[in-house]
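Enquirer:
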Amino acid sequence: MALLEVKNLEVRFPLRQGELTALNDVSFTLNQGERLGIVGESGAGKSVAAFTILKLIGKPGYIAAGEVRFEGRDLARCSDREMQQIRGNRISMIFQDPMMTLNPVLTIGEQMVECLHAHQKIGAREAREIAVEKLRQVHIPSPEARLQQYPHELSGGMRQRVVIAIALLTHPAVIIADEPTTALDVTIQAEIMELLLELCEQENLALILITHDLGVVAQTTQRTIVMYAGHIVEEGPTSEIINNARHPYTQGLINALPERTRPGQRLNQIPGVMPPLTSIPSGCAFHPRCEHVLPICRSELPDYSVADGNRVACHYVAQRETTT
Amino acid sequence: MNRYWRLFLASDFLYRFHRDRVALVSFSLLLILVAVSFSAPLIAPFDPYDPSQIDIMDSETPPLWLEAGDQRFPLGTDAQGRDMLSTILYGTRISLTIGLFAVLLQSVLGITLGLIAGYLGGRIDAFLMRLADIQLSFSTLMVAIVVLALFQAAFGTELYNDLAIFMLIMVIGIAEWPQYARTVRASVLAEKKKEYVDAARVIGLGKRRIMFRHVLPNTLSPILVISTVQVANAIMSEAALSFLGLGMPVNKPSLGSLINSGFEFILSGSWWITAFPALVLVVLVLVTNLLGDWLRDVLNPKLYKE
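Below, the structure is given as structure tokens:
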């Protein structure tokens, strides 16, 4: 049975300019110990999806339809109090910028102990021991001394390790990493991703990795979801997505990778920009930018066509594959 | 503890304090005033609260260096024959006590309400801030005068005289909470958008915990600045009320009531009864304000520090 199951999730934001749909009919599952990547351009709804799982959508957003099944409960219908027991306990989250996610006025130790006390009834000494152990697990040298330090005394990579250690404190089942390496420089990025992989395997953690870096996704995840304008356009095993992308948008993303062009050549790009969520085009949201656009694309949202564990929402792909 | 002390000694804060002459002088003066006034019972030559030590025959003795000055009264005596030096020491103590406790009350009220308004937002915010607006549209003195005058009329002057310190603290404390609430709310609004608040929510912490343990410490620098200014303001409010005869009674004078009690003699030549308490009041308020200014500059990361 799936550990986390998101079904037909729809999230809306009522705004002055009208109601915008940030997530449109999003469904996916996550099994225990599985690593899932979510990719897409900025504003595609990746982070909203993550925050919706934890029920922390910013006001005035709300869940209009669908459910989030986790360990037998529908999180979309849980009370605030129940959610507090799940957040940081069963599902943890890691943010983009470790400079910002640690409170500047509390020591590392205080922040870690506080998280433990929020979920477990344990003594101060025991909490410190767990904190030290977790810091050691994320390869932080002399962890006892770190507990006394403030975030500004640590380097960026070190801080992200602390953030990961905090996420691990309560043995969660799922970690959601929202662009965990974007704010770090390249050498540290690789280290942090390696660490995340290692920990997922050690603790049999499920990981949802949100990123716009396809390279990172290719190296870490088993399955990948591609989102466009709040909708999943393609989902499948990561190797399939990278090597045999079916949706024109995914193909465009992969072609846009600088590695795909020879030096001196212009970089490939998908023409146009993603539409603002207030004015999503009718039918398939991608149609104004798609090179294979068909008349039906303008009027009807495509259904998923499934092949080899890969599903894709595209009229063009569906037509081409049924005719061949 | 040792570690924090060492951190403090090595801090930029202390370094800049050492280098700033205005801050050093203000702080020393304030320290002296506080120390001297709070040890008044030990060092004052007389006890102005003890009628047996007061002789009406000594009244309006001029300060030592003037003709007819008396060795026993270095700053002269007031109309009742009380030693000015002792009375000023005791009076400063009362003024400082009222100032500090009134600000304590203001800050507890204002910080709590400001945090709640800023963090929870929505209707609670609108309600609390409109309440603050309404309260700010009455001047502190006006509210204080009305409340204190009503209290005196309702319960009699005798009871009032017993409770004067308490009443002044309450009135000044309650009248000025919006200053704190607004400042705190403004910084909370800025802080709550930062990611560490999201992170705290993701960890599964409750609202109250996030508000008081995560957001509040990050709003401390404006609170510190406003506190110094508010202490000066509270001391002045108290002095103004006492000067109007609504503050401390004559037998337990604060600086304001001392100035008031000497005021009627100022033209008949006994200027020292008003002048010395006034001088102390001015120095006290000035020094506190200067420290507040300095603190604001130091704690403001946007000002370039040389």
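Protein chains in written order, with this note's numbering: chain S, 1 to 324; chain Z, 325 to 630. From the three backbone atoms N, C-alpha and C, an ideal C-beta is built for every residue, glycine too.
#1: DSSP on Y150 (chain S), reduced to helix/strand/coil?
#2: If contact means a Cβ-Cβ distance below 9 Å, which residues of the stretch 513–529 of chain Z contact chain S?
#3: So within the stretch 228–301 of chain S, which uninterrupted alpha helix (DSSP H) runs reach at least 4 residues, ignoring any that extend past its ends?
#4: Please decide whether Q85 (chain S) counts as near chain Z, where near means a Cβ-Cβ distance under 8 Å.
#5: According to a CB-to-CB cut-off of less than 9 Å, which residues of the stretch 342–365 of chain Z neighbour chain S?
#6: If I measure Cβ to Cβ from N89 (chain S) and keep anything under 7 Å in the same chain, skipping five residues before and after, which residues do I get?
#7: Kindly indicate if chain Z contains any beta-carbon less than 8 Å away from that of G123 (chain S).
#8: Distance check for K516 (chain Z) and V6 (chain S), CA to CA, integer angstroms please.
#9: Are the Cβ atoms of L196 (chain S) and I164 (chain S) separated by less than 8 Å?
#10: Measuring straight from C-alpha to C-alpha, what distance separates K576 (chain Z) and M100 (chain S)?
#11: For H635 (chain Z), is the classification buried or exposed, using 16 other Cβ atoms within 10 angstroms of its Cβ as the cut-off for buried?
#12: Could you name the residues of the same chain whose beta carbon sits closer than 6 Å to that of L30 (chain S), not counting the 5 residues immediately before and after it, in chain order?
#13: My output table needs one value for K351 (chain S): the three-state DSSP class, helix, strand or coil.
#14: Return no unless some Cβ of chain Z is closer than 8 Å to the Cβ of A131 (chain S).
#15: Run the CB neighbour count on G72 (chain S), radius 10 Å, all protein chains shown included, and call it buried at 16 or more, exposed below.
#16: For the stretch 538–557 of chain Z, which residues have a CB atom closer than 7 Å to at least one CB atom of chain S, in sequence order?
#17: Which residues of chain Z have a Cβ atom closer than 7 Å to the Cβ of A391 (chain S), listed in chain order?
#18: Smallest Cα separation from H315 (chain S): which of S:E234, S:G264 and S:G309?
#19: What is the C-beta distance between G157 (chain S) and E191 (chain S), in whole angstroms, given that I count them as a contact (C-beta under 8 Å)?
#20: In whole angstroms, what separates the C-alpha of P14 (chain S) from that of D457 (chain Z)?
#21: Counting only Cβ pairs nearer than 8 Å, list the residues of chain Z close to P104 (chain S).
#22: Could you have a look at G18 (chain S) and say whether DSSP puts it in helix, strand or coil?
#23: Using the C-alpha atoms, what's the distance from A334 (chain Z) back to W596 (chain Z)?
#24: Round the Cβ separation of L102 (chain S) and P151 (chain S) to the nearest angstrom and send it over; I've been treating them as touching at under 8 Å.
#25: Near T220 (chain S), what residues of its chain come up, given a Cβ to Cβ distance below 8 Å and the 5 sequence neighbours on each side ignored?
#26: By how many angstroms is the C-alpha of R298 (chain S) removed from the C-alpha of L168 (chain S)?
#27: Could you tell me which of S:C200, S:A22, S:I140 and S:N243 sits nearest to Y62 (chain S), measuring between CA atoms?
#28: Judging by CA-CA distance, which residue of Z:F589, Z:V622, Z:V606 and Z:D522 is the nearest neighbour of M93 (chain S)?
#29: Return no unless some Cβ of chain Z is closer than 8 Å to the Cβ of M158 (chain S).
#30: Secondary structure at I210 (chain S), three-state DSSP: helix, strand or coil?
#31: Is it the case that the stretch 80–89 of chain S contacts the stretch 108–124 of chain S, given that we only count it when at least three CB pairs across the two stretches are under 8 Å?
#32: Within the same chain, show all residues whose beta-carbon is closer than 8 Å to that of P104 (chain S), passing over the 5 residues directly before and after it, in chain order.
#33: Relative to the C-alpha of L106 (chain S), which candidate in Z:Y520, Z:L610 and Z:G571 has its C-alpha closest?
#34: Along the chain, which unbroken stretches of the alpha helix (DSSP H) at least 4 residues long are found entirely within the stretch 392–447 of chain Z?
#35: Output yes if chain Z places a C-beta closer than 8 Å to the C-beta of C115 (chain S); else output no.
Expert: The structure says:
#1: As a first step, residue 150 (chain S) is located in the first sequence; it is residue number 150 there, counting from the start. Coil.
#2: K518, E519, Y520, V521, D522, A523, A524, R525, V526, I527, G528 and L529
#3: 238–243, 248–255 and 295–299
#4: Translated into the one-based positions of the first sequence, residue 85 (chain S) becomes position 85. Yes, Q85 (chain S) lies at the interface with chain Z (some Cβ there is under 8 Å from its Cβ).
#5: none
#6: Here residue 89 (chain S) corresponds to residue number 89 of the first sequence, with the count starting at 1. Closer than 7 Å at the Cβ level, and outside the excluded window around N89 (chain S), lie H119, T170 and P172.
#7: Counting from 1 along the first sequence, the entry for residue 123 (chain S) is found at position 123. Judged by the 8 Å Cβ criterion, G123 (chain S) is not in contact with chain Z.
#8: Numbered from its first residue, the first sequence carries residue 6 (chain S) at position 6. Numbered from its first residue, the second sequence carries residue 516 (chain Z) at position 192. Distance between the alpha carbons of V6 (chain S) and K516 (chain Z) is about 29 Å.
#9: Here residue 196 (chain S) refers to the residue found at position 196 when the first sequence is read from its first residue. Here residue 164 (chain S) refers to the residue found at position 164 when the first sequence is read from its first residue. Contact: yes.
#10: Within the second sequence, the letter at position 252 stands for residue 576 (chain Z). Within the first sequence, the letter at position 100 stands for residue 100 (chain S). About 54 Å.
#11: In the structure displayed, chain Z extends from 325 to 630; residue 635 (chain Z) sits before or after that span and is not available.
#12: Residue 30 (chain S) sits at position 30 when you count from the first residue of the first sequence. The answer, listed in chain order, is L3, L4, L36 and A206.
#13: The first residue shown for chain S is 1 and the last is 324, placing residue 351 (chain S) beyond what the model contains.
#14: Counting from 1 along the first sequence, the entry for residue 131 (chain S) is found at position 131. No, A131 (chain S) lies away from the interface with chain Z (no Cβ there is under 8 Å from its Cβ).
#15: Walking along the first sequence from the start, residue 72 (chain S) turns up at place 72. Residue environment analysis places G72 (chain S) among the exposed positions, since fewer than 16 neighbouring C-beta atoms fall within 10 angstroms of its C-beta.
#16: H538, P541 and N542
#17: Since the first and last residues shown for chain S are 1 and 324, residue 391 (chain S) lies out of range.
#18: Stepping through the first sequence from its first residue, residue 315 (chain S) is reached at position 315. Selected option, being the one with the closest Cα: S:E234.
#19: Reading the first sequence from its first residue, position 157 is the one you call residue 157 (chain S). Reading the first sequence from its first residue, position 191 is the one you call residue 191 (chain S). About 6 Å; that satisfies the 8 Å criterion.
#20: The count along the first sequence starts at 1 and reaches residue 14 (chain S) at position 14. The count along the second sequence starts at 1 and reaches residue 457 (chain Z) at position 133. Taking the straight line joining both Cα atoms gives about 30 Å.
#21: Locating residue 104 (chain S) in the first sequence gives position 104, where the first residue counts as 1. Under the 8 Å cutoff, chain Z gives Y520 and N542.
#22: The count along the first sequence starts at 1 and reaches residue 18 (chain S) at position 18. In the structure shown, G18 (chain S) sits in a strand (DSSP, three-state: E or B).
#23: In the second sequence, the residue the question calls residue 596 (chain Z) occupies position 272. In the second sequence, the residue the question calls residue 334 (chain Z) occupies position 10. One C-alpha to the other measures close to 46 Å.
#24: Indexing the first sequence from 1 puts residue 102 (chain S) at position 102. Indexing the first sequence from 1 puts residue 151 (chain S) at position 151. Correct: roughly 4 Å between the Cβ atoms.
#25: As a first step, residue 220 (chain S) is located in the first sequence; it is residue number 220 there, counting from the start. Cβ neighbours of T220 (chain S) beyond the five flanking positions: R35, G37, M193, L196, L197, L207 and L209.
#26: Numbered from its first residue, the first sequence carries residue 168 (chain S) at position 168. Numbered from its first residue, the first sequence carries residue 298 (chain S) at position 298. Going by the C-alpha atoms only, they are around 46 Å apart.
#27: Locating residue 62 (chain S) in the first sequence gives position 62, where the first residue counts as 1. Looking at the Cα atoms, S:A22 is the closest of the given residues.
#28: Reading the first sequence from its first residue, position 93 is the one you call residue 93 (chain S). Nearest of Z:F589, Z:V622, Z:V606 and Z:D522 to M93 (chain S), Cα basis: Z:D522.
#29: Taking the first sequence and counting its residues from 1, one reaches residue 158 (chain S) at position 158. So, not an interface residue.
#30: The residue given as residue 210 (chain S) occupies position 210 in the first sequence. DSSP, reduced to helix, strand and coil, places I210 (chain S) within a strand of the structure shown.
#31: Result yes; three or more Cβ-Cβ pairs closer than 8 Å.
#32: By one-based count along the first sequence, residue 104 (chain S) stands at place 104. Closer than 8 Å at the Cβ level, and outside the excluded window around P104 (chain S), lie Y150, P151 and H152.
#33: Position 106 of the first sequence holds residue 106 (chain S). Comparing alpha carbon positions, the residue from Z:Y520, Z:L610 and Z:G571 closest to L106 (chain S) is Z:Y520.
#34: The stretch 392–447 of chain Z is shown to contain whole alpha helix (DSSP H) runs of 4 or more residues at 408–444, in chain order.
#35: Along the first sequence, one-based indexing puts residue 115 (chain S) at 115. With 8 Å as the cut-off, C115 (chain S) counts as an interface residue toward chain Z.
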